[in-house]
Amino acid sequence: GCKKVDTASGSTGTGSDTIKIGVFEPLTGANAAGGEAEVEGIKIANKLYPEVLGKKVEVVVADNKSDKAQATTAVARLIEKDKVSAIIGSWGSSFSMAAGDLVKKNKVPAVGASCTNPLVTKGNDYYFRVCYLDPFQGTVMANYAFKSGAKKAAIIQEVSNDYAVGLATYFKEAFVKLTGDPNSVVTTVNYNTNDQEFGAQLSTVKAANPDVIFAPGNFTESALVMKQARQLGITVPFLGGDTWDIDEFTSVGGADVEGATISTFFDDSAPVTDEGKKFVEAYKKEYPDKNMAAVSALGYDAYLVIIKAIEAANSSDSTAIRDALAKTKDVEGATGKLTFNADGDPDKDSAIIKEVKNGKFTYKDTVTISK
Amino acid sequence: MLKIENLCVSYGGIEAVKGISFEVPDKSIVTLIGANGAGKSTTLRTVVGLVKPQSGKIIYNDKDITGKSSEEIVRNGITLVPEGRRIFPNLTVYENLKIGAYMRKDDYSEDIKWVYDLFPRLKERSWQFAGTLSGGEQQMLAVGRALMSKPELIMMDEPSLGLAPLVVKGIFEIIKEINKLGVTILLIEQNANLALRVADQGHVLETGRIKLSGKGQELLENAEVKAAYLGNKKHELAQQ
Amino acid sequence: MTPDNKSINETIDKNIVLRTENMTMQFGGVVAVDNLHLTIREHQIVALIGPNGAGKTTAFNMITGVYTPSSGKIFLHGEDITGMSPDKITRKGVARTFQNIRLFKDLSVFDNIIIAKHFSMHSNIFSATLRLPGAVRAEKKMREESEELLERMGLADVKDAVASSLPYGQQRHLEIARALATKPELLLLDEPAAGMNPQETEDLTASIKQIQQDFNLTVFLIEHHMDLVMEISDRIYVLDFGQTIGKGTPAEIQNNPRVVEAYLGVDDDAEN
Amino acid sequence: MNNTKKRNIICTAILAVIVLALIYFANNYLDAYIVRILNLCAIYTIIGLSMNLINGFTGLFSLGQAGFMAIGAYTVAIFTLPLDMRSTIFYMEPMNPAIAGIHLSFVPALLLGGVIAGFAAFLIGAPVLRLRGDYLAIATLGFSEIIRILLTNLQSITNGALGINKIPDNANNMWWSFGVAIVILILTALLINSSYGRAFKAIREDDIAAEAMGINLFKHKVMSFVVGGFFAGVGGGLYASLLGTVDPKQFYFTLTYNFLLIIVLGGMGSISGTVIASFIVTCGLELLRTFDEPLTVAGYEISLFRPGFSMVIFSLLLMIIVLFYSKGLMGRTELTWDRIFNFFGKMKSKKAPKSTEGGSTK
Amino acid sequence: MTLELFLQNLANGIAVGSLYALIAVGYTMVYGILRLINFAHGDIFMMAAYFTFFGVAVFHLPWYFACIFVVVLTAGLGMLIERAAYRPLRDAPKDSVLVSAIGVSFLLENLATYLFSGKPKAFPDFLGLMSTVSLGTVSIQKVALVVPVVLIVCMSILLFVINKTKLGMAMRAVSKDYEIARVMGININLVIAATFGIGSGLAAVGVILWGMKYPQVSPLMGVMPGLKCFIAAVIGGIGNIKGAVLGGFILGLIEVMLVAFFQPLTGYRDAFAFILLILILLVKPTGLIGEKTTEKV
Ligand SMILES: Nc1ncnc2c1ncn2[C@@H]1O[C@H](COP(=O)(O)OP(=O)(O)OP(=O)(O)O)[C@@H](O)[C@H]1O
Ligand SMILES: Nc1ncnc2c1ncn2[C@@H]1O[C@H](COP(=O)(O)OP(=O)(O)OP(=O)(O)O)[C@@H](O)[C@H]1O
Ligand SMILES: [Mg+2]
Ligand SMILES: [Mg+2]
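Chains as they are written, first to last, in this note's numbering: chain A, 7 to 377; chain B, 593 to 832; chain C, 155 to 426; chain D, 64 to 425; chain E, 16 to 312.
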């Protein structure tokens, strides 16, 4: 079918009266869900801020097909063919890292929305991001677990997922430090991406009798882990990372993920900034029957940061934008005030804790870690 | 019963049959002889619908069956004993016979007995997988399988290929016997001596064309045929 | 079974190319070849005949290493080759053709021949790929020999044709030529005249004789065409149900009642 | 005869010059996007050739290419990674001290990658190549998955799921990728047309007959497998260097399907077919991206055009090619000068009568 | 390891094993007749999951009706795929058919992503089969009790059809020689279509139960089960139905037990599946009870 195009969004006009921002995200393949959520946020941002410096901003989306080689060609295409001034993306740190060299070499700045791997920005002057990093998230959850009284934790990690492994490592480190007990992590069990059967791992976890289970990983597998855990009669709370903060996690997990607790970037029920409120409102209007994913807000912020940098640089020149991005300070985004450090990472020191209640992630707490 | 008119068949660009016409009268035995690659098998394969002819007509019992699907043609009462046996190796001997009667709706247990009587060897091996039979055993099975469909016209493509002299003789006996039972036979043979002896009519094929036709006995005595196909040696040796 | 004196003598007999002792092959319950004793001497043409399913091809398959005998031994020039792999046996000078022609169908006639010379090439894969002098020389020699053989077998004018496009008779010839290309001492032919008309069979008979002499071969063949067998064989073995029911000269075989009964049949339909 | 030979040599020489000039031009004047795609084409050609050697020419139905690639890719990644960056990259578990201090420059690393992949091919080939047909396929596929799982789990060597990033960029220069591709192309062609190549083809055609011709099946199958593994390893090394990052997920067994697709599309047993198909597939995927972009006609956005659509089209096109050219674009034939000249010769002779015909019909 | 834990894992293993077996049977069946590794089988399975999702969660069909709807629709899809992608290649080389299968697999995955988005959906619960019951100390999902029963029923029906009916005989004949099967008067297209229909229908039955145990539906959900069940089929001897069942159980049990008994090796779980596969093939090159094919020379 066809729908009438909003004059504000997808125009195909080119020329000097537009500034192009490229987006590369996995829109097909294994990571399509995450990519889609980010693009939603970016589109909203584009709708709310369609212009900068009096020029129209055009968002060019390229699918990286959840594949590294495709990620690099997608970015090369954005740079060379579409001549974008800046780039947003990508969900999945490995795709961002594959594109890192390209943006650096071509001097086009990129802002990652949710790529939490420390190496994305490290040593790359052209890569920034608006999310906090894996180590931070792991530490946050360890603090939360400790605060809520847990003395013994079990870890279930998706061993073939760099993100999950990262979170698990930092969780363990922090939790052991907090409890002062080297054996406070009673067991660590592994599974692989795409596994669907976790009975054996969960039996071990059950036998170890932890107070809490930290199970960072892809939301699809995690939902199944929790379902199967409940079936086995494991009742202790599950903690996880931001990847669970997506509608499908609760819809797949159903009643069994009730009580699952995560750290995330954004809470749509209680946005901390005005920008956040604005975003939530627009999102609700655009997608009335969707629960918002936190990464959508990050996508929104990535766009915003770039717009602000273009304004500050007063130019659509890529290098100028990069320099302006590096100086980003106290830019109000949906997820909070953003200030980039020397690595290009945001100085975020607090994370939002959410818990599944009645089939929805709801705000629980905010944990602040002093650095 | 079967009438072939000006049949042309080609594989890709190569013309294998270049305008053949002949008839197979009801209840007769007609044989096609000719060198390897003359187009004999191709003719049979075309009749049974495995190859589509380029031009020409195949009339069976006054019905044009040119270009019809194999199933339909076979349903009309034609069957083929294919070149190279082609029995179903993963089916038992017994099942191979049963599948020969695939289209029949009546009771065919008598016919199985009949085939077993014709080829006692098959009865011994009834539960063996056909793939492990020796060449000759497989040929017997192929003939037996064809008989199971109770055909009006049975086309045999070199049934004596690789068979022991005793069995060859047996096969020709059987050919005569089933012909007596009213089955029309179109026979391809390398063993021209024997073939022409049982045949009412023979056609000699050479590179896709009929070169000579005539009564079996006539051809047997034809000098040209003798020179090209029958060999100079007394063929009695083969029998002794 | 203890080897009797005769077989001990045979072991020493230099003339004996191939000898089998109690060669037996069982498939499940079926004894396809039962205690077969063969003795094939140099420059002889020996035939193996018998009804269908007698175990002739199976015997060939054991001799050429395709099957390993369930029991018994096979000696080539006194050397035990039982259970050796087919390629090794070929390299020892035994070549064969197959009952159902097995050519390299999609390759040219020339390639079919030259492939049979590959094993005699001593250059390794690197020098062959990089066309080092040794390999180039070997290749040249292989080519020349192949051309020569094709010429000799009357296949020279179809040398670039794809093997499967040849008429059947020529395919049979090609298969024999290919076997000869391995420079065998012992040539095994499995029903070479199958699918040939009497005239062609006669031609083949002459050609086998000729080849045997030209290439100084020992030939061991399976055939159902009795005119061919009787004409060229020095000795004949007759198998039935895996058992040897007769051996001897063609004349002896033709008059062996067991053989006549089991295989040849009595000619009751004398001249029409 | 001699004339055509001379003509062919001249044509080949001219082609070589043209190719070199094109590479020079592309490398220096074309934008990074196109260069990147061309590089991918070259690398896919290498791996396609390696797979065609095993599957197309030797007739071994192997699905292990992703595994060989992974080995080559990781070898290059591990050994070319600058020493001072290793602790940063291996931040979770330090690199195994046995290799932490070893650094190789690109070429030795690339060759080492090929050698290790070839050795792995030997190790796996020894048991597995005795299997036939589909059993061989699943066993080799399994082997490539085992490699991937090892890469995930041997964290101190491979950095596990985190993968290795910041691999120095050596292959994003067309001289490298095309240079290696051309060398491998020539080597493959030489091998195929040598006595060994004929033996491989004989095994493909009829292994029992090949064995009866004195060809040691097992030895030759292993040879083909090892050479194929070596080439794939080298291709994998280039791939790693081009992408700058490797992780185990990249080498999921479905990666092999891409190359299977390339060789079947080009023609199993055709070197030139593989080259053509590599370019078609790689460039085709890029060209089709247009279908992912929203299309607006007269102010209406056609909602058919959205991300994912290009992949649907791609799979459909693929099906169409497979269905209508079931032997691939080239079948088992090669694009030779003789064929090209014959083709044009025919065109000419066809054209002549056609022009007169044209007058009458139009 | 306590007895309780062992029993729990055993129950798990049997449940997983019978699911593998159920899907492997469909795989093996298509292979047995067409000698084609139907790489698209896992994706047909995935489509069946979407059919179930739409049937139950969207159209709210009653469970029995939904089951019929899904099985029939999936069988139809299988037959459609056969018609469009395999039948035109009847006389083509095997590799082309394989690539066509891979193409179908790509197409289905991409189409599903395009139509239903890459985001997973929740699989609906039928008859409360997702809930658990306790048998002594072992707690087990109800569906796990149903699977073996369904498996035995399906397998018996299938064995009967293949070995005892005319259609089955025709299937076996077609599997070896299309041409001569035609000459026997067999409509081979019909027979092959029927085979695909049955195989795909089994995938649908499989997915209804699988989804109950692993309740998520996504475009790539068929890849892993597809591969695992293929392994199971090969372990047992591909083309052999009993073999597929045996292979499914062996694979399911070993996977679960490995993780249970050798925790640190969990990461290598899939590797073990393949090592097991390769080892079995080395000892028995055509699988545990695969047909032994000594080629008659
Ligand atoms: N499938 C095919 N593709 C291409 N050419 C073929 C095919 N089948 C047969 N031919 C060619 O068609 C011609 C006639 O073949 P056909 O099999 O009909 O001969 P024939 O008289 O039966 O010979 P034979 O005595 O060897 O069986 C031959 O030249 C053969 O090479
Ligand atoms: N691989 C096998 N598996 C099982 N049985 C076999 C196998 N090969 C041969 N046989 C059996 O062994 C017996 C001898 O077969 P063989 O092929 O040796 O016969 P033959 O003498 O060559 O007959 P023909 O003249 O018909 O070719 C036959 O009964 C056959 O069924
Ligand atoms: Mg013929
Ligand atoms: Mg035989």
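A virtual CB, placed ideally from N, CA and C, is assigned to each residue, including glycine.
Assigned secondary structure, residue 347 of chain A (DSSP; H/G/I helix, E/B strand, else coil): Note: residue 347 of chain A maps to coil in three-state DSSP.
What does residue 208 of chain D reach in chain A if we use C-beta pairs closer than 8 Å? Against chain A, a Cβ distance below 8 Å from residue 208 of chain D picks out nothing, because the smallest value is about 11 Å.
What does a CB cutoff of less than 7 Å around residue 442 of chain D pick up in its chain, not counting 5 residues either side in sequence? This structure gives no information on residue 442 of chain D, because the portion of chain D shown stretches from 64 to 425.
Please identify, using Cβ separations under 9 Å, the residues of the stretch 174-185 of chain E that lie next to chain B, in order along the chain. Within the stretch 174-185 of chain E, the residues whose Cβ lies closer than 9 Å to any Cβ of chain B are, in chain order, 181, 184 and 185.
Is there at least one non-hydrogen atom of ligand 2 closer than 6 Å to the beta-carbon of residue 833 of chain B? Residue 833 of chain B cannot be examined here, being either before or after the span of chain B that is shown, 593 to 832.
Taking the alpha carbon of residue 96 of chain D as the reference point, which residue from D/193, D/237, D/157 and D/408 has its own alpha carbon closest? The residue with the shortest Cα to Cα distance from residue 96 of chain D is D/237.
Grab the span of the alpha helix (DSSP H) containing residue 427 of chain D for me, first residue to last. Examination of residue 427 of chain D is not possible in this model, given that chain D is present from 64 through 425 alone.
Quick check on the burial criterion: 16 or more other C-beta atoms within 10 angstroms. Buried or exposed for residue 77 of chain D? Burial call: exposed.
Residue 24 of chain E to residue 271 of chain E, Cα distance in whole Å? Approximately 7 Å, taken between the alpha carbons.
Measuring CA to CA, which of A/353, A/267 and A/111 is closest to residue 132 of chain A? Restricting attention to A/353, A/267 and A/111, the CA atom closest to the CA of residue 132 of chain A is found in A/111.
Check whether the Cβ atoms of residue 632 of chain B and residue 642 of chain B lie closer than 7 Å to each other. The beta carbons of residue 632 of chain B and residue 642 of chain B sit no closer together than 7 Å.
Let me check you understand the geometry: is the CB of residue 183 of chain C closer than 6 Å to at least one non-hydrogen atom of ligand 2? Not so, every heavy atom of ligand 2 lies at least 6 Å from the Cβ.
Residue 173 of chain C: first and last residue of the uninterrupted beta strand (DSSP E) it sits in: Residue 173 of chain C -> beta strand (DSSP E) spans 170-181.
Note down the Cα distance separating residue 104 of chain A from residue 75 of chain A, rounded to an integer number of angstroms. Straight-line Cα distance between these residues: approximately 8 Å.
Quickly, what does DSSP pair residue 352 of chain A with across the bridge? List them, please. BP columns for residue 352 of chain A point to A/346.
Kindly indicate if chain A contains any beta-carbon less than 7 Å away from that of residue 147 of chain E. Under the Cβ criterion of 7 Å, residue 147 of chain E is counted among the residues facing chain A.
Can the beta-carbon of residue 359 of chain A be found less than 7 Å from the beta-carbon of residue 228 of chain A? Contact flag unset, no.
Name the DSSP bridge partner or partners of residue 371 of chain A? For residue 371 of chain A, which the question treats as bridged, DSSP gives the partners A/359.
If you draw a straight line from the C-alpha of residue 69 of chain E to the C-alpha of residue 141 of chain E, how long is it? Cα to Cα, the separation comes out at about 13 Å.
Residue 184 of chain E lies in the alpha helix (DSSP H); which residues open and close that run? For residue 184 of chain E, the enclosing alpha helix (DSSP H) starts and ends at 181-191.
Could you confirm whether any beta carbon from chain A is found closer than 7 Å to the beta carbon of residue 111 of chain D? Proximity of residue 111 of chain D to chain A, defined by a Cβ-Cβ separation below 7 Å, is not satisfied.
Between residue 212 of chain C and ligand 2, is there a pair consisting of the residue's CB and a ligand heavy atom that are separated by less than 6 Å? For ligand 2, at least one heavy atom lies less than 6 Å from the Cβ of residue 212 of chain C.
So if I threshold CB-CB distances at 9 Å, which residues from the stretch 388-401 of chain D count as touching chain C? Correct list: 395.
Within 10 angstroms of the Cβ of residue 306 of chain A, are there 16 or more other Cβ atoms? Answer buried if so, exposed if not. Counting Cβ neighbours within 10 Å, residue 306 of chain A comes out buried, since at least 16 surround it.
Looking at the C-beta of residue 93 of chain A, does it have a partner C-beta in chain D at a distance below 7 Å? Taking 7 Å as the CB threshold, residue 93 of chain A stays off the interface with chain D.
Per-residue contacts from residue 281 of chain E into chain A (C-beta, under 7 Å): Correct list: 195, 196, 197 and 207.
Best match in C/253, C/177 and C/405 for proximity to residue 322 of chain C [C-alpha to C-alpha]: Nearest C-alpha to residue 322 of chain C: C/253.
Give a single yes or no on whether residue 253 of chain C has its beta carbon closer than 6 Å to a heavy atom of ligand 4. True, at least one ligand heavy atom lies under 6 Å from that Cβ.
Chain G within 7 Å of residue 271 of chain E, Cβ atoms only: Although the question refers to chain G, the structure presented lacks it and instead comprises the protein chains A, B, C, D and E.
Run through chain D and tell me which residues come within less than 8 Å of residue 86 of chain A, C-beta to C-beta. Neighbours of residue 86 of chain A in chain D, taken as residues at a C-beta separation under 8 Å, are given in chain order as 94, 95, 96 and 97.
Please name the residues in the stretch 56-85 of chain A whose beta-carbon is closer than 8 Å to at least one beta-carbon of chain E, in chain order. For the stretch 56-85 of chain A, which is checked against every Cβ of chain E, not one residue is closer than 8 Å.
Does chain B have any CB closer than 7 Å to the CB of residue 192 of chain E? Answer yes: the Cβ-Cβ gap between residue 192 of chain E and chain B drops below 7 Å somewhere.
Nearest-angstrom Cα separation, counted from residue 294 of chain C out to residue 268 of chain C: Cα to Cα, residue 268 of chain C sits roughly 11 Å from residue 294 of chain C.
Under the rule that 16 or more other beta-carbon atoms within 10 Å means buried, what is residue 83 of chain A, buried or exposed? By the C-beta density criterion, residue 83 of chain A is buried, having at least 16 other C-beta atoms within 10 angstroms.
Please state whether the Cβ-Cβ distance between residue 320 of chain D and residue 106 of chain D is less than 7 Å. Going by beta carbons, residue 320 of chain D and residue 106 of chain D fall outside the 7 Å limit.
Report the three-state DSSP secondary structure of residue 403 of chain C (helix, strand or coil). Reduced to three states, the DSSP call for residue 403 of chain C is coil.
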